[in-house]
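What follows is a set of notes on a single structure, which appears directly below.
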Amino acid sequence: MAGGAVCFDTGEPVACVRGRTPVTARVGVVTFPGSLDDRDAARAVRRAGGQPVPLWHGDRDLHGVDAVILPGGFSYGDYLRCGAIARFAPVMADLVPAARAGLPVLGICNGFQILCEAHLLPGALTHNTGLRFIDREVRVRIERDGTPWTGDYERGQEITVVLKSGQGHYLADAATLARLEAEGQVVARYTGGNPNGSAHDIAGVTNPAGNVVGLMPHPEHAIDPLTGPGSDGLGFFTSVTRALVAR
Amino acid sequence: MSARAAPGTVPAADTVAVAAATPQRAQPYAELGLTQEEYQRIRGLLARRPTDPELALYSVMWSEHCSYKSSRRHLRRFADKAPQVKVDGEAGTLLAGIGHNAGVVDIGQGYAVTFKIESHNHPSYVEPFQGAATGVGGIVRDILAMGARPVAVMDSLRFGPADAPDTARVLPGVVGGISFYGNCLGLPNIGGELAFDPCYAGNPLVNALCVGVMRHEDLRFAAARGAGNKVILFGARTGPDGIGGASVLASASFGAGAAAKRPSVQVGDPFMEKLLVECCLELGAAGLLAGIQDLGAAGVSCATAELAAGGGSGMSVNLDLVPLRDTSLGPAEILMSESQERMMAIVEPRHVERFAAICARWDVPATVIGEVTGTGRLEMTWRGEVVVDIAPETAASQGPVYDRPAVRPAGQDELAADVPDRLPRPAPAELGGTLLALLRWPDLADKTWVTEQYDRHVLGDTVLAAPENAGVIRVDEQTGLGVALATDGNGRYSRLDPYAGAQLALAEAYRNVAATGARPVAVTNCLNFGSPEDPGVMWQFAEAVRGLADGCAFLGTPVTGGNVSFYNQTGQVPIHPTPVVGVLGVLPDVRRRLSLRFRRAGARLVLLGRTGEDFGGSAWAWAVHGHLGGRPPAADLAAERALAAVLAPAAEDGLLAAAHDLSEGGLAVALAESCLAGATGARVSLPGDPFTLLFSESPARVVAEVAPGADAALAALCERHRVPLMDLGTLGGDRLEVAGCFAVTLDELATARAGVLAALFG
């Protein structure tokens, strides 16, 4: 099984065509050992009209996907430090340069931690100030629209998503925080209470180019009122599928 | 048994040949938890003395925990009284029942569900975090062994007094352990119970439930068949974890030596378990499993003996091939080790290579340690010598069975005579204060401090989770097919009358499932009791089993499996008899499920069911007056069945907008919970004694919000099933108001129950 991407629904191999104009956005979802929310991220992509493409941690090949999601979970058991081992997974060898070259990448929760460890995003995530895991519906304000992941939101729009993490406390030095604020790199901010001690109530950040976004709360768990707080989170996925198809 | 040798030296093995030559050598059977009679029985079965490894194997297999030697006679009632298996193809048909790793129920559309609840009480007292964590891990592997994908967990927890210093040690550890293991494993925690009572102070109850989903064709059994097939041990390496746990920990009550038993508790690695889950499912999908068994209590002993006995075959195992974390382990220790995150598979030789490749892909170590033989013997070698040679069924299914004396305890009649009628009842104007006092009581307070530590969203199919009546999981995204699960138990009711208490636990879980709109179809149970060597406890146990078996037969919901936990006592004082019952229900379309959350201002509020004077063992009597006596409420199973028969079509046809079952704290507490969940007040007027209507704990009742325009249809439905329907009032405003009695704002209600647990444990 070393390599070939398979469809999440059917387990059938997915044909990979590089360099074509996407009719349906093909969004890769990486599974590391210990990834937990990979199926949920794939479901959200599908609901948004995109085609989820499973990517395997041990396979360098990105299979020509148009964007990548690093899902939530406990990659490699979160041993050593959250995201610290995943950063060295073979798939990251191709992903990091692609992200630097503009490939849209969204890291959710553990994915955000991996992006920080890989230095694609500034700052770090550490233990919640309460020192306990929290699963809670939270309100966040979208602070940066116009990225491939936030195009369908208005700046200032408040949405309800699911926060579920033990180490969601965003930290960075004062200079980095000042730069993030000045450059508009804060993507989302907690409103109505800071659940984990994050600096500046930060729930998500982006790189200067805007293509790499890290989010601590889970938008993929807010795509259907039946199974989550609502469908406010779907916008991250419709944003990217729309941006890619329009490209 | 010989002490472990220093690294580098080879400890002398007690082989079959040595055993035959030294029949008189003294053996430490008593230290391993075996009685003299049991030891003699082993000698009789083998026609020689057992080797040390054989003695270790029998000691764990014949422990109370693994052999059910004190309970087996009684548990037969579940099978003897099991409701008729339904016609093939109908949802609710049992595909596998008691005796397998977990029961399996057909839920229709080609899906089957397997679920089971199991205790990890003693380890959780000794080391709360790892004890509870490995409790989750163990039950998940039971579900995995049936061929199912685990999809959710629940936990039923009982501790000593909430303000006792030791509870502050045990509870955060237990909750932290469940959170750590379940979250990292990626299974949503969808509900359970949390209760406190002084009787659990030295003996908390940690019962973990797991539910899994599979297609019918994926069902697997633990059987080793086909001579020449390989025996593969895969997952974590074997270390000195929990050695003797099964016999020493689970079967002996705590005394002064509790600290010395610390090393008996296992340590869990949920990351390895996650890999094992994905790996097993891939192995099953590839058709590579001829048989599979999890390694739980009694580790390699249990897996080899049960697989060999289950297949009616023989098995030969080379213990030198078991991958070890600690190379100084001898054969007896390897056999007894309870290292976590291990599974054993039977694999045809032609599939071994693909098996190994899939394990390698998931970074799961896998080792062929033996093969299936046609000899009917379980043989094991170590360092070239035969150290085990037994008939596997003698260990797996032919252990001792005890008919222990059961005597109704002397104080039982006095307890029943001490009725709660003498307790002073609040005046109507004081009823609001009574409600607030109950909401401040830790058993009824807001449980968010606990449930927030559990991931309830992962996998994206959680439709309802705590604090709802029951957890609801979507099984099929297209059709909306789903299952509902609830666990309930009430130690006070069972203390007053174990027969009724078991039926009330069943009734409550059944009602909680029905309140979501699901049709209850099957039962699992975890029977937590004191020492079976105490005739009074044995009477409680026999009565509870009889009550549960009768109840399940009446309701048509078979017991599919479960677990017995004895020796839950400190010194001579047993816990309240605490049968915990899990009920599984089927929802044809989870989009039609009912929540307990009141929804619409102006909507009509009704009470379904009949209210009597039921205060024996009630929350009011205990929390307000510290009184436990009299008779528990009479379980009215015909009324429960009728209520469920109303709720399912009422949900399906959209006649109700919300429903909440009435249990501890009665109507008053249920109203407060549903009002707070929906952020809407209610104006209620009660025809009759308001205290009784508000706080009595008569079973077979729900409070419900009627959907607009559905009044006539609901009345007709209730009439058809003879379920009393009482008008309570209307929703709206920001207060819970009971006409002529009291009005309490939602803020006051919320303040009373919020922060109670955080203040105690935060």
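Read top to bottom, the protein sequences are chains G and L. Numbering of the first sequence is given in the working numbering, commencing with residue 1 and proceeding in unit increments. Numbering of the second sequence is given in the working numbering, commencing with residue 1 and proceeding in unit increments. Glycine is no exception: its CB is placed at the ideal position from the N, C-alpha and C atoms. Bear in mind the structure is a predicted one, so any value in this text is a computation, not a measurement.
Near residue i, what residues of its chain come up, given a Cβ to Cβ distance below 6 Å and the 5 sequence neighbours on each side ignored?
i	result
Gly-233 of chain G	Val-161, Pro-219, Ala-222, Ile-223
Ala-500 of chain L	Pro-632, Ala-635
Arg-47 of chain G	Ile-223
Ile-42 of chain L	Pro-50, Tyr-58
Ala-356 of chain L	Ala-366
Using the beta-carbon count (16 or more within 10 Å), is residue i buried or exposed?
i	result
Asp-461 of chain L	buried
Leu-548 of chain L	buried
Glu-181 of chain G	exposed
Pro-577 of chain L	buried
Leu-131 of chain G	exposed
Ala-650 of chain L	buried
Ala-175 of chain G	exposed
Ala-198 of chain L	Looking at the sequence shown, residue 198 of chain L is not Ala but Pro. Classification for Pro-198 of chain L: exposed.
Asp-38 of chain G	buried
Thr-129 of chain G	exposed
Quick one: Cα of residue i to Cα of residue j, how far?
i	j	result
Val-702 of chain L	Leu-662 of chain L	5 Å
Ile-114 of chain G	Val-475 of chain L	31 Å
Gly-182 of chain L	Lys-447 of chain L	18 Å
Cys-302 of chain L	Phe-133 of chain G	35 Å
Ala-224 of chain L	Gly-214 of chain G	49 Å
Pro-690 of chain L	Asn-101 of chain L	48 Å
Ser-581 of chain L	Asn-525 of chain L	Before going on, a small fix: residue 581 of chain L reads as Val here, not Ser. Using only the alpha carbons, I get a separation of about 4 Å.
Cys-675 of chain L	Gly-230 of chain G	21 Å
Phe-539 of chain L	Gly-44 of chain L	According to the sequence shown, residue 539 of chain L is Trp rather than Phe. The alpha-carbon atoms of Trp-539 of chain L and Gly-44 of chain L are separated by roughly 32 Å.
Gly-665 of chain L	Leu-694 of chain L	8 Å
Gly-284 of chain L	Gly-147 of chain L	7 Å
His-57 of chain G	Phe-234 of chain L	22 Å
Ser-565 of chain L	Ala-79 of chain L	19 Å
Gly-186 of chain L	Ile-358 of chain L	21 Å
Ala-763 of chain L	Ala-360 of chain L	For residue 763 of chain L there is no data in the structure shown, the boundaries of chain L being 1 and 762.
Consult DSSP for residue i and reduce its assignment to one of helix, strand or coil.
i	result
Val-53 of chain G	strand
Val-23 of chain G	coil
Met-146 of chain L	coil
Lys-69 of chain L	coil
Glu-385 of chain L	strand
Arg-722 of chain L	coil
Cys-210 of chain L	strand
Met-380 of chain L	strand
Lys-164 of chain G	strand
Val-744 of chain L	strand
Asp-461 of chain L	coil
Ile-202 of chain G	strand
Pro-579 of chain L	strand
Val-245 of chain G	helix
His-218 of chain G	strand
Cys-279 of chain L	helix
Residues in the same chain with beta-carbon distance under 7 Å from residue i, minus the five sequence neighbours each way, listed in chain order, please.
i	result
Pro-535 of chain L	Pro-405, Ala-406, Val-407
Ser-685 of chain L	Gly-729, Ala-739
Asp-711 of chain L	Arg-604
Arg-48 of chain L	Ala-19, Ala-20, Pro-23
His-721 of chain L	Ala-642, Ala-645, Val-646
Using a Cβ-Cβ cut-off of 8 Å (strictly less than) and excluding sequence neighbours within five positions of residue i, which residues of its own chain qualify?
i	result
Ala-544 of chain L	Ser-494, Pro-498, Tyr-499, Gly-501, Ala-502, Leu-527, Phe-529, Pro-577, Pro-579
Val-706 of chain L	Ala-603, Arg-604, Leu-605, Val-606, Leu-655, Leu-656, Ala-657, Leu-714
Arg-354 of chain L	Ala-286, Leu-288
Could you tell me whether the region 143 to 160 of chain L touches the region 201 to 213 of chain L, using the rule of 3 or more Cβ pairs below 8 Å?
yes
Using 8 Å as the Cβ pair cut-off and three pairs as the minimum, do the region 513 to 525 of chain L and the region 234 to 244 of chain L touch?
no
Counting pairs of beta carbons, one from the region 82 to 89 of chain G and one from the region 137 to 145 of chain G, are three or more of them closer than 8 Å?
no
Would you check if there are 3 or more beta carbon pairs closer than 8 Å linking the region 215 to 231 of chain L to the region 268 to 275 of chain L?
no
Can at least three beta-carbon pairs, one atom from the region 177 to 194 of chain G and one from the region 83 to 99 of chain G, be found at a separation below 8 Å?
no
Please determine if the region 646 to 663 of chain L and the region 584 to 598 of chain L are in contact, where contact requires at least 3 C-beta pairs separated by less than 8 Å.
yes
Would you be able to state if there are at least three C-beta pairs under 8 Å between the region 613 to 633 of chain L and the region 476 to 485 of chain L?
no
Could you check whether the region 367 to 381 of chain L touches the region 303 to 319 of chain L, counting it as contact only if at least three pairs of C-beta atoms, one from each stretch, sit closer than 8 Å?
yes
Is the number of C-beta pairs between the region 120 to 136 of chain L and the region 168 to 182 of chain L that are closer than 8 Å three or more?
yes
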